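Contents: one structure, followed by commentary.
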Amino acid sequence: MATQVTHYMADGHLACGRHGDALATTTEVAQVKCRNCRGSDVFQEARRVERNTARRAARHVAKAFHEACKWRTAWLQKLTDMPGLQRLPRGFKGQSYV
């Protein structure tokens, strides 16, 4: 039993230039098996765009996580809001008397 090769479809045409109604096609980069399609400029550009989009999304998630871990700013605000001058921990700016 022969496995069917999946081609990359872009703008209604196959990237490798083949023709036929019985060919398996997809627009998802990860599913393409045709070597000629994978070597085409259209496929390379689509793969680059998909990879960069995934990287941007990962950076966005990491940045959101990093923003949530800014404990020092929250702790400084809590210490500033507390009444009196004797607060711990020592070493933060704005505490003239400890």
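Residue numbers for the sequence shown follow full-length UniProt numbering, beginning at 1 and rising by one.
Glycine included, C-beta positions come from ideal geometry on N, C-alpha and C.
Values in this document were obtained by computation on a predicted structure and should not be read as measured data.
THR27: not part of any beta strand (DSSP E); DSSP gives it neither H nor E. The stretch 57-88 is shown to contain whole alpha helix (DSSP H) runs of 4 or more residues at 71-81, in chain order. Exposed is the label assigned to CYS69, since fewer than 16 other Cβ atoms lie within 10 Å of its Cβ. The three-state reading of DSSP puts ALA15 in coil, since its state is none of H, G, I, E or B. Counting of Cβ neighbours within 10 angstroms places HIS66 among the exposed residues, the total staying below 16. Within the model, the alpha-carbon separation for ALA30 versus HIS13 is close to 18 angstroms.
Within the same chain, Cβ atoms closer than 8 angstroms to the Cβ of GLY17 are found at ASN36, the five residues on either side in sequence being excluded. Around the Cβ of ALA58, a 10 Å sphere holds fewer than 16 other Cβ atoms; the residue is exposed.
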